[in-house]
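Encoded as structure tokens, the structure appears first; notes follow it.
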DNA sequence: AAAAAAGGTTGACATATGTCAATGTTACTT
DNA sequence: AAGTAACATTGACATATGTCAACCTTTTTT
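Chains as they are written, first to last, in the numbering used here: chain A, 2 to 222; chain B, 2 to 222.
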């Protein structure tokens, strides 16, 4: 039995009609095309997009199911079409530490495992039922080499990613817990609404109790 | 009066002879060429390297002088040929928070300011007298577009950078201070020897006193 | 509707880390 | 050699955060 139904199947279940399913498919890829064009100076030609499209496979991950599990090599990177996922490590004592929270139009995967082909030390699972477009490394190498816009997009996204992650490091070494939280709320209001507090606390490197108290004090002001 | 002598001048001062100076110049760029080739699948042709070389300008930054100052836009990225630099922010109370420590064969610059053309919130200064090869953004765009090996190198370096920085975030949310320190010592033994403890403490997000005590306890075991 | 599960808050207390001041040590400057 | 500055260590104490347990609310499941 197939635990994870195919993405197409999932879309069908969602909308109930095959006709609408195909329409949704089109919409998903159109959205993706716009996303790519937003990050490059020259829009993709139809032919180029055809190549890109053939490299990305829709995939559904149901709530609480893994996209990547500790010990596996990260063979796919995923673009979230709809849904919410979290990336976390588990320490000696079995405590989960959130290192990433992602929603629509974000990418998920473990770069280290992906690049180095080493077993991942992270888990990535779905916090909500999630629709992804996934791509293999081989295909990524292909389209990055062949299609300048994709090359440009990947470079820009790496840049943005580096910038975001640098800010997070700066916050972690230079801000106390309460500032880190307000900083987070200002930077990612959409995440605050999608994930419960105890996950955000973990993301910030504090306990849920501390976050609860920090929030209370912030209200008092 | 020129506070920062030209890089060539600096080399001359170091070695004392113009002949050796030119030789050093050659060696510096040969080293740089090897560095680039190490990160790409096809070596640079002589012609390509000529272009690259023309884009990188030697620069000397004396100990305690700024490479980038808070409020400036980061116009140059630098490759450290010899020396040691630190990148830090300064908080409301005037306390410095180290966000980066760099030595030979590392790159320095503020990605956010560089990419977004916004005033930097960081300072970068020399901890030791430092020789750099610096490049402007315009030139970077040129060679990344024109020379596949450079494109590849930049992408790979961004990848490595992302991986390293991701590990640091994971450490900061999931490890206590003592583990963060041993982790750091294992990951960057060369930095431990080049920078004093209070800078490393700041890099780890703890005070120098805490680091001193952490080290003492670690010895006891 | 009842039960269970997940999330959130609060209090009491323990622990880790920060702060401040004094002192020791090392390396550099004159 | 003396003096100074930078770095490191230590102690006493304050503060922030963690831990554990109880309790409450909301949502989900049965």
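Ideal Cβ placement from N, Cα and C applies to all residues, glycine included.
Taking the C-alpha atoms as reference points, what is the distance between residue 75 (chain B) and residue 26 (chain A)?
Rounded to whole angstroms, residue 75 (chain B) and residue 26 (chain A) show a C-alpha spacing of 43 Å.
Which runs of the alpha helix (DSSP H), 4 residues or longer, sit entirely within the region 99–177 of chain A?
List check, alpha helix (DSSP H) in window: 112–117, 138–147 and 149–175.
Counting only beta-carbon atoms, is residue 113 (chain B) nearer than 8 Å to chain A?
True, the Cβ-Cβ gap to chain A drops below 8 Å.
Use the C-beta contact count for residue 150 (chain A): other C-beta atoms within 10 angstroms, 16 or more gives buried, fewer gives exposed.
Burial is judged here by how many other beta carbons sit within 10 angstroms of a residue's own beta carbon; residue 150 (chain A) has at least 16 and is buried.
What residues of chain B sit near residue 174 (chain A), judged by a beta carbon separation below 8 Å?
Neighbours of residue 174 (chain A) on chain B, chain order: 98, 99, 100, 173, 203, 204, 205 and 206.
Looking at C-beta atoms only, is the number of pairs between the region 78–88 of chain A and the region 116–134 of chain A that lie closer than 8 Å three or more?
The region 78–88 of chain A vs the region 116–134 of chain A: in contact.
Assuming the contact rule is C-beta atoms closer than 8 Å, residue 54 (chain A) and residue 135 (chain A) should be a hit. Round their C-beta distance to whole Å, please.
Contact doesn't hold; Cβ gap of about 13 Å is too wide.
Hey, could you find the ends of the beta strand (DSSP E) residue 81 (chain A) is sitting in?
Start and end: 77–83.
Limits of the alpha helix (DSSP H) - the one that residue 190 (chain A) falls within
From DSSP, the alpha helix (DSSP H) with residue 190 (chain A) extends over 190–195.
Is residue 116 (chain B) close to chain A? Criterion is C-beta to C-beta, closer than 8 Å.
Using beta-carbon distances, residue 116 (chain B) counts as an interface residue toward chain A, with a partner under 8 Å.
At a Cβ threshold of 8 Å, is residue 169 (chain B) touching chain A?
True, the Cβ-Cβ gap to chain A drops below 8 Å.
Would you check if the region 142–160 of chain B and the region 86–105 of chain B touch, i.e. whether three or more CB-CB distances between them fall below 8 Å?
The region 86–105 of chain B vs the region 142–160 of chain B: no contact.
Tell me whether the beta-carbon of residue 28 (chain B) lies closer than 8 Å to the beta-carbon of residue 79 (chain B).
No, they are not a contact pair.
With H, G and I counted as helix, E and B as strand and the rest as coil, what does DSSP make of residue 54 (chain B)?
Residue 54 (chain B) falls in the helix class under three-state DSSP.
Residues bridged to residue 69 (chain A) by DSSP?
The secondary-structure analysis by DSSP pairs residue 69 (chain A) across a beta bridge with A:125.
Coil, strand or helix - residue 87 (chain B) by DSSP:
If DSSP states are grouped into helix, strand and coil, residue 87 (chain B) belongs with the strands.
Answer with yes or no whether the minimum CB distance from residue 92 (chain A) to chain B is below 8 Å.
Yes, contact with chain B.
Residues of the region 68–84 of chain B in Cβ contact with chain A at a cutoff of 9 Å, in chain order, please.
Residues passing the 9 Å Cβ filter: none.
Return no unless some Cβ of chain B is closer than 8 Å to the Cβ of residue 164 (chain A).
Output row for residue 164 (chain A): interface = yes.
Would you check if the distance between the CB atom of residue 218 (chain B) and the CB atom of residue 179 (chain B) is smaller than 8 Å?
With respect to the 8 Å criterion, residue 218 (chain B) and residue 179 (chain B) are classified as neighbours on the basis of their beta carbons.
With DSSP collapsed to three states, give me the class of residue 94 (chain B).
Look at residue 94 (chain B) here: in three-state DSSP terms it is coil, with no helix or strand label.
Count the other C-beta atoms from every protein chain shown that fall within 10 angstroms of the C-beta of residue 8 (chain B), then say buried if there are 16 or more, exposed otherwise.
Unreliable positioning characterises residue 8 (chain B) in this predicted model, as indicated by a pLDDT of 43, which lies under 50. The coordinate reading is nonetheless provided below. By the neighbour-count criterion, in which 16 or more other beta carbons inside 10 Å mark a residue as buried, residue 8 (chain B) falls on the buried side.
From residue 197 (chain B) to residue 158 (chain B), what distance separates their C-alpha atoms?
C-alpha of residue 197 (chain B) to C-alpha of residue 158 (chain B): approximately 27 Å in a straight line.
May I ask which residues mark the beginning and end of the alpha helix (DSSP H) holding residue 203 (chain A)?
From DSSP, the alpha helix (DSSP H) with residue 203 (chain A) extends over 198–205.
According to DSSP, is residue 64 (chain B) part of a helix, a strand, or is it coil?
Residue state, collapsed to three classes: coil.
Would you mind telling me which residues of chain A sit closer than 9 Å to residue 156 (chain B), beta carbon to beta carbon, in chain order?
The contacting residues are 145, 152, 155, 156 and 159.
Express the C-alpha separation of residue 208 (chain A) and residue 114 (chain A) in angstroms, rounding to a whole number.
So the alpha carbons of these two residues sit roughly 28 Å apart.
How should residue 65 (chain A) be labelled, buried or exposed, when 16 other C-beta atoms within 10 angstroms of its C-beta is the threshold for buried?
Flag for residue 65 (chain A) reads exposed.
With distances taken between CB atoms, is the gap from residue 110 (chain A) to residue 77 (chain A) smaller than 8 Å?
A contact, by the Cβ cut-off of 8 Å.
For residue 59 (chain B), the residue or residues it bridges with in DSSP
Among the bridge pairs identified by DSSP, residue 59 (chain B) is matched with B:134.
With a Cβ-Cβ cutoff of 8 Å, do residue 122 (chain A) and residue 173 (chain A) count as a contact?
The beta carbons of residue 122 (chain A) and residue 173 (chain A) sit no closer together than 8 Å.
Reference residue 100 (chain A); option with closest CA among A:156, A:69, A:33 and A:124
Ranking A:156, A:69, A:33 and A:124 by Cα distance to residue 100 (chain A) puts A:124 first.
Out of A:176, A:46 and A:43, which one is the CA nearest neighbour of residue 96 (chain B)?
Out of A:176, A:46 and A:43, the CA that lies nearest to the CA of residue 96 (chain B) is found in A:176.
Can you grab the Cα-Cα spacing for the pair residue 34 (chain B) / residue 44 (chain B), in whole Å?
Straight-line Cα distance between these residues: approximately 9 Å.
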